[in-house]
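Numbering (our numbering), first residue to last: 4 to 375.
In what follows, a single structure is set out as structure tokens and then discussed.
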Ligand SMILES: [Mn+2]
């Protein structure tokens with residue numbers, strides 16, 4: 004039996020303000036739909052016996068109509084093709100209040116769809132294989148109860164386990180999210196070895212054991228994920244072999260940290276020009292400037308930084324300045340406080356035309372008096 008395992012598709016995620024010129028929707032939202040579509044195309048190309056999705060199908064418990072349509076359209080196609088889908092809910096789409104209901108109630112109406120989403124253990128038999136599911140649970144007690152409820156039936160020829168959360172064996176593999184769940188080693192608890200343990204939640208392809216794997220996400224939801232590939236897994240239950248298929252997603256690149264000690268704004272711009280290669284085109288780029296001296300900091304024009312990296316999709320900037328008392332101030336925002344922006348402006352004005360010191364003192368006294 005061949006399984007296609009994917010996870011953490013986060014449909015409905017959107018970020019930044021860029022619009023896709025073809026579809027007219029938020030570009031990042033579209034990126035996530037494109038990633039999803041690549042996996043759906045692969046389902047029809049690779050024709051697995053069963054498709055597994057291990058949670059965070061949607062980015063939120065109340066996804067937009069568009070995100071729902073994208074998901075249902077594809078799920079219906081897979082269902083119509085007679086390919087079973089086993090799907091569990093993750094922490095991102097599990098409502099905190101049960102009365103909200105779950106979008107998974109609608110998804111499970113399709114034939115060939117086996118969905119576990121109700122904060123409890125569920126087992127589905129497909130062919131002669133059992134799929135044991137523990138979705139994200141709202142409460143820790145529910146999670147404990149779900150794990151205790153797992154039963155292995157004698158007549159099942161294969162057993163697959165699906166769950167969503169942070170594996171906490173020898174090492175912790177989590178996302179650091181406040182509502183994430185810590186997963187016990189189910190095999191140790193049961194004294195039983197599964198044919199495959201399909202894990203969701205950690206956005207990086209990772210084998211926690213020979214037979215237990217996070218397939219990673221299909222797109223990246225945070226700059227912390229800049230080094231992660233995106234894709235899905237094909238698992239052969241007979242041989243235990245696993246093949247990872249990478250899919251295309253928007254590049255996310257963290258540039259080497261720029262040490263600005265002793266450098267002028269001009270020196271820094273020159274250095275950045277060398278970093279701004281065509282490899283960054285349309286990428287989400289993380290730029291860190293550190294040890295910026297106070298004087299230089301005031302002269303750095305943020306618009307110039309954006310200009311140097313004008314071919315990127317989005318430039319996340321972190322400017323770290325030395326203040327002399329071994330303190331560092333980190334600024335991520337585009338516009339600083341009015342006082343800083345005013346000082347920056349003064350630094351660009353021709354000194355012959357104004358009395359800079361006087362203007363600076365007057366300006367700062369007004370600004371600090373009235374700035375909230
Ligand atoms: Mn996730």
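Ideal Cβ placement from N, Cα and C applies to all residues, glycine included.
Simplified DSSP state of residue i, which is helix, strand or coil
i, result
"residue 245", "strand"
"residue 128", "strand"
"residue 369", "helix"
"residue 351", "helix"
"residue 299", "helix"
"residue 361", "helix"
"residue 169", "strand"
"residue 262", "strand"
"residue 37", "helix"
"residue 120", "coil"
"residue 319", "strand"
"residue 287", "strand"
"residue 18", "coil"
"residue 42", "helix"
"residue 95", "coil"
"residue 375", "In this prediction, residue 375 has a pLDDT of 46, which is less than 50 and means its spatial position is unreliable; what the coordinates show is noted afterwards. Note: residue 375 maps to coil in three-state DSSP."
"residue 185", "strand"
"residue 191", "helix"
"residue 199", "strand"
Spatial distance of residue i from residue j (CA atoms)
i, j, result
"residue 308", "residue 258", "14 Å"
"residue 294", "residue 302", "14 Å"
"residue 73", "residue 97", "19 Å"
"residue 184", "residue 79", "30 Å"
"residue 135", "residue 125", "6 Å"
"residue 208", "residue 243", "17 Å"
"residue 27", "residue 205", "31 Å"
"residue 128", "residue 159", "8 Å"
"residue 146", "residue 46", "31 Å"
"residue 368", "residue 343", "13 Å"
"residue 375", "residue 56", "For residue 375, the predicted model reports a pLDDT of 46, less than 50, meaning its position is unreliable; a value from the coordinates is still stated below. Going by the C-alpha atoms only, they are around 49 Å apart."
"residue 87", "residue 58", "16 Å"
"residue 171", "residue 212", "12 Å"
"residue 348", "residue 361", "14 Å"
"residue 176", "residue 203", "11 Å"
Closest by C-alpha distance to residue i, when choosing among the options
i, options, result
"residue 30", "20, 341, 38", "20"
"residue 62", "137, 39, 54, 53", "39"
"residue 167", "154, 231, 138", "138"
"residue 64", "90, 95, 77, 57", "95"
"residue 182", "142, 148, 278", "142"
"residue 235", "49, 267, 274, 23", "49"
"residue 320", "354, 245, 298, 226", "226"
"residue 144", "304, 231, 364, 122", "122"
Original post:
So which residues touch the region around ligand 1, with touch meaning a C-beta under 5 Å from any heavy atom?
Top reply: 11, 59
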